Structures are given as structure tokens and as C-alpha cells.
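Counting from 1, one number per residue, gives the positions in the sequence shown under full-length UniProt numbering.
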Amino acid sequence: MLELLGSYRNLTLQILLSLFLTLVLSFVKISIIFLHGLCTYIQPENLNQNNTGNGLRPAIRRPSSTDDPKSNVEVRRRNRSKDKSEFDESNAQIFRIKLDEDHLRSRMYFTEYNSLFVISFLAVSCFLLDKYFGIVEDNSHGVLSNGLMFPIVLGFIALCKVFVALGKISIERSASKESEKRLSLIFGVLGFVFGIIISAGVFPKGFDFQLGSVDAFCCIVISFSMACIGGFLYMPAGRSARSFWVGTDQIRSNLSIISCGWFGRMILYANYIVSVFTSLLWIHPLAEVLVKRSGDAGTSGSSQSQSGLVGNVGMLSDDFAKFRVLCLLLSGLLQAMAVRPNLQMFLNEAVLSWYQRLHGSKTPDLDFSRAKMFLHNHYLCLVALQFLAPSVLVILFLGLSQIDLSSFAVSQLWKMA
């Protein structure tokens with residue numbers, strides 16, 4: 001028994017780690033802790049009847065509804081006028097509620113969000129165990145001896161859950177507009193065309209993707225995968241853009257209730273900058289600037305003046321590849337850290353709509369803002385899943401790319417022999 005465990009040490013460590021983390025996550029409930037404490041808002045109807053003796057305090061009122069006696073006198077004078085307003089300001093008040101476990105479990109797509117969080121956490125943990133604590137085996141016991149099969153299977157299961165969840169969200173009728181669905185389809189088609197262009201090597205000097213020679217089947221698979229990624233991630237990208245717009249206060253509303261705070265705003269800015277910079281690393285002109293390709297360190301000044309700085313300054317090719325990996329990892333981590341501020345700004349977007357309608361007219365119709373608050377509260381976990389999916393995809397694809405598949409080839413040759 002001990003000899004068998006010694007032969008499959010990596011696989012044993014992977015299984016024990018997965019069982020331990022599954023047991024811990026079932027008690028700790030890290031997916032709920034990740035969203036715990038966020039504030040959602042409600043706008044109840046008939047507040048005068050429901051607020052008798054229960055001590056409710058509104059999160060924000062109309063600016064004219066203050067405790068100043070002078071303003072109260074002005075309100076009474078306005079009520080005596082002939083043009084008496086039929087607008088009841090008590091029904092325009094909104095209330096802040098902090099999310100807890102009961103709130104989150106009652107939302108749509110909570111099961112999908114929770115299962116995706118758990119399986120992704122397990123897959124990333126197995127990737128890290130194989131990367132930094134894996135023991136080099138002699139492959140004498142086949143594929144299972146090195147333990148690589150376990151993180152690969154977990155990674156592909158997590159990827160399938162991401163795409164299935166995003167596919168269900170994309171066909172959800174009330175979760176998005178028809179225009180957003182059409183644009184998702186358009187971006188999916190563009191992703192398919194872009195995948196064919198990259199796989200066929202149409203613009204080798206435009207994009208720095210070294211896929212080598214691929215056959216027609218691999219080209220179709222790559223193009224279809226890029227079509228799914230482009231189509232499914234359009235709506236999360238649009239929501240992230242709106243959350244960035246609200247969180248960084250691009251309209252200069254200066255409302256404290258929708259303020260993101262300095263730390264959340266810093267995360268939003270850092271996520272945006274790192275994501276754009278990381279994407280540019282695969283554009284060939286920028287890669288040429290950052291990579292030192294001149295092999296001779298003692299080249300003359302005349303030759304450097306002829307070729308310029310491109311190819312003569314920067315990092316070595318191996319260092320540049322490691323730099324890309326670090327930027328991808330940092331981008332994925334920042335996207336995961338930005339889930340909470342993005343989700344809070346999604347909830348605050350309904351407050352901004354309420355505020356704009358409240359000040360757009362003397363007798364505003366607040367049914368739209370009330371419905372918007374309800375929908376944003378109802379689809380909370382759905383949007384959390386959309387915000388979480390890009391970071392999960394980046395980290396999972398990065399983890400799969402770092403697995404050395406040469407051991408699989410050695411195992412297959414040993415098996416055939």
C-alpha cells in the first residue's frame with residue numbers, strides 16, 4: 001500500500017488537497033463571504049402605511065425633505081397653493097440593505113455562481129500544487145503517476161461550467177435587452193472570423209500568436225472557441241464598462257451614496273490599465289519594441305543607428321514570455337478583485353436612475369426606478385457570475401498553458417512500447 005502511494009505521490013496529493021478544500025469550502029462558504037456586506041436598495045410602496053412604528057430610516061431623501069424648520073414652513077405654504085402637487089415624497093424614499101447569506105441564496109443563478117466559484121478554486125489550487133510542489137516522476141507508471149491528469153480534468157470541468165453558465169445567461173429573456181443579444185451574436189461572428197485570421201496566419205506581423213502549422217479541424221475549433229468567448233463575454237464587458245463609468249464618477253454627480261471609495265476606485269483603474277496593457281503585449285509592433293532580438297551584444301553604433309532602438313533594447317525573448325505570463329496572472333487577479341466594486345456599482349446604478357428621475361420633474365414617475373431596483377436586486381448573482389467569469393477564464397487558461405504536456409507524450413510512447 002505504501003509502495004503504491006509512493007508511486008502515485010502527485011496524484012495522491014492532488015486528491016487529498018481537493019477533498020480537504022471541498023470539506024473546508026462546505027463549512028466556510030467562501031463564495032458567500034466574497035459578496036457579504038454589499039449594499040442593495042429597495043424602494044417600497046405605501047411607505048406611510050408600512051412604516052408605522054418599525055423605525056425604518058431612508059438611505060436618501062429628496063433634498064427638499066430636510067429637518068430645517070424654515071424649509072418645513074415653505075413646504076406648508078406650497079401645500080396651501082392652488083397648484084397642489086400630487087407627488088408623495090414618502091414613496092420616493094429608498095432603503096439600504098446589506099446582503100447576507102439568506103439574501104444571496106434567494107437570488108437567481110446562486111447555485112451556478114456557487115458551484116463555479118468552488119470548482120474554479122479547486123482547479124486553481126491544483127494548478128498551484130502541481131506548479132510549485134509537484135514531484136518529478138519517472139513516468140514508469142503511466143499518465144496517472146505524474147498527477148497532471150487531475151488538474152487538467154478539473155480545469156476543463158471549470159471551463160465547461162463557465163461556458164454553460166454564460167450560455168444560459170445569454171439566452172435568458174429578461175436578463176438583457178434584445179439589442180445586447182444581437183450585439184453578442186455580432187461579436188461572436190467577429191470572433192470566429194478573427195480566429196480564422198489568426199489560425200491561418202493572415203497577418204503574421206500584426207499579431208504575435210505562435211500557433212505553428214494547424215490543420216483545418218484545429219482552425220475551426222480555435223475559431224469556434226473564440227466565437228464563444230467573444231459572444232458570451234460581450235454582456236459582461238458592457239456591464240463592467242457601466243460599472244467603471246459609475247464607480248469612477250464620470251458624470252460628476254458627487255453623490256456619496258453611489259461613491260465607490262478610494263480603494264475600490266483604485267482597483268477599477270488598475271484593472272482597466274493592466275487589462276489594456278496585457279492585451280497590447282500580443283500586438284506585434286509593441287512586442288518588437290519590448291524584446292531585444294539582436295544576438296550580438298557588441299554591435300557597432302553604426303549598425304544600431306541603422307536598425308534603431310527596435311530589437312536592440314528591451315527584454316530577452318524568454319524574459320518577455322515570462323513577463324506576459326505575469327501580466328496575465330496580474331490581470332486575472334485584478335479582475336477577480338474588481339468583482340465586488342463592479343457588483344456594488346451595478347446596484348448603485350439603479351440608485352443613479354432613481355436620483356435622475358426624482359430630479360427630472362416636479363411630479364416624477366418612479367415606477368421605472370422602482371422596477372429597476374427590483375431587477376438589479378433580483379439578478380444579483382447572475383451579474384456576479386458575469387463579472388466573475390472573465391477572471392476565471394484568464395486564470396484557468398493560464399494554468400492549463402503552464403502544464404508541461406511532454407510527460408503525456410513520454411507516457412504514451414512508454415505505453416506503446
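Just so it is clear, CB atoms sit at the ideal spot from N, CA and C, and this is done for glycine as well. Please read all numbers here as calculations on a predicted model, not as lab measurements.
Alpha helix (DSSP H) segment containing Arg-324, residue limits | Residue 324 sits at position 324 when you count from the first residue of the sequence shown. Where Arg-324 is concerned, the enclosing alpha helix (DSSP H) stretches over 317-337.
Strand pairing of Ile-95, partner residues [DSSP] | Within the sequence shown, the letter at position 95 stands for residue 95. Here the sequence assigns Phe to residue 95, which means Ile is not the residue at that position. The partner list for Phe-95 (beta bridge, DSSP) reads Ile-42.
Would you decide whether residue 419 is buried or exposed? Buried here means 16 or more other CB atoms lie within 10 Å of its CB.
-> Since the displayed the chain opens at 1 and closes at 417, residue 419 lies outside it and no answer follows.
Nearest residue (CA-CA) to Ala-338, options Phe-207, Gly-230 and Ser-243 | On the sequence shown, residue 338 is found 338 positions in, with the first residue counted as 1. When each option's Cα is compared against that of Ala-338, the closest is Ser-243.
Looking at C-beta atoms only, is the number of pairs between the region 253-266 and the region 369-384 that lie closer than 8 angstroms three or more?
-> no
State the beta-bridge partners of Ile-283 as determined by DSSP.
-> The residue you call residue 283 lines up with position 283 of the sequence shown. BP columns for Ile-283 point to Phe-207.
Starting from Val-394, trace the alpha helix (DSSP H) both ways and give me its first and last residue.
-> Counting from one through the sequence shown, the residue named residue 394 turns up at place 394. 380-401 is the span of the alpha helix (DSSP H), which, as asked, contains Val-394.
Is the distance from the Cβ of Leu-347 to the Cβ of Tyr-41 below 8 angstroms?
-> One-based indexing of the sequence shown puts residue 347 at position 347. One-based indexing of the sequence shown puts residue 41 at position 41. Yes; because the gap between Cβ atoms is below 8 angstroms, this pair is in contact.
Using 8 angstroms as the threshold, is the region 381-398 in touch with the region 112-122, meaning 3 or more CB pairs across them?
-> yes
How about Gln-335 and Asn-271: are their beta carbons less than 8 angstroms apart?
-> Taking the sequence shown and counting its residues from 1, the one referred to as residue 335 is at position 335. Taking the sequence shown and counting its residues from 1, the one referred to as residue 271 is at position 271. Cβ distance < 8 angstroms, so Gln-335 and Asn-271 count as in contact.
From Leu-329 to Leu-211, what does the alpha carbon distance come to, in whole angstroms?
-> Indexing the sequence shown from 1 puts residue 329 at position 329. Indexing the sequence shown from 1 puts residue 211 at position 211. Rounded to whole angstroms, Leu-329 to Leu-211 spans 21 angstroms at the Cα level.
Which partner residues does Val-291 have in the DSSP bridge list?
-> In the sequence shown, counting from the first residue as 1, residue 291 sits at position 291. Val-291 is bridged to Met-315.
Between Lys-177 and the rest of its own chain, which residues show a CB-CB distance below 6 angstroms, the 5 nearest in sequence each way excluded?
-> Locating residue 177 in the sequence shown gives position 177, where the first residue counts as 1. Excluding sequence neighbours, Lys-177 sits near nothing in its chain.
Hey, out of Glu-180, Leu-25, Ser-31 and Phe-127, whose CA is closest to Leu-233's CA?
-> If you number the sequence shown from 1, residue 233 lands on position 233. The shortest C-alpha separation from Leu-233 is found at Glu-180.
Let me know the secondary structure DSSP gives Cys-228 once reduced to three states.
-> Taking the sequence shown and counting its residues from 1, one reaches residue 228 at position 228. Of the three classes helix, strand and coil, the one that applies to Cys-228 here is helix, per DSSP.
Decide if Leu-129 is buried, meaning its Cβ has at least 16 other Cβ atoms within 10 Å, or exposed.
-> Taking the sequence shown and counting its residues from 1, one reaches residue 129 at position 129. Classification of Leu-129: buried, given that the 10 Å Cβ count is 16 or more.
Let me know if Ser-401 comes out buried or exposed under the rule of 16 or more other beta-carbons within 10 Å of its beta-carbon.
-> Counting from one through the sequence shown, the residue named residue 401 turns up at place 401. Ser-401 is exposed by the Cβ-count criterion.
Keeping to the same chain, check which residues put their C-beta closer than 7 angstroms to that of Leu-382; ignore five residues upstream and five downstream.
-> Residue numbering aside, residue 382 sits at position 382 when the sequence shown is read from its first letter. Met-108, Tyr-109, Ile-169 and Ala-175.
In chain order, what residues of the same chain have a beta carbon less than 6 angstroms from the beta carbon of Ser-369, not counting five sequence neighbours either side?
-> Counting from 1 along the sequence shown, the entry for residue 369 is found at position 369. Ser-353, Trp-354 and Arg-357, listed in sequence order.
If we ignore side chains and look at the alpha-carbon of each, how far apart do Ala-158 and Val-124 end up?
-> The residue given as residue 158 occupies position 158 in the sequence shown. The residue given as residue 124 occupies position 124 in the sequence shown. Going by the C-alpha atoms only, they are around 10 angstroms apart.
With 16 other Cβ atoms within 10 Å as the buried cut-off, status of Cys-126 | Counted from its first residue, the sequence shown places residue 126 at position 126. Buried, since its Cβ has 16 or more Cβ neighbours within 10 Å.
Three-state secondary structure assigned by DSSP to His-103 = Numbered from its first residue, the sequence shown carries residue 103 at position 103. Three-state DSSP puts His-103 in a helix.
Pull up the distance between the alpha-carbon of Gly-37 and that of Pro-341, whole angstroms please.
-> For the purposes of this step, residue 37 is taken as the residue at position 37 of the sequence shown. For the purposes of this step, residue 341 is taken as the residue at position 341 of the sequence shown. Between Gly-37 and Pro-341, the C-alpha separation is close to 12 angstroms.
DSSP on Gln-14, reduced to helix/strand/coil?
-> Here the question's residue 14 lines up with position 14 in the sequence shown. If DSSP states are grouped into helix, strand and coil, Gln-14 belongs with the helices.
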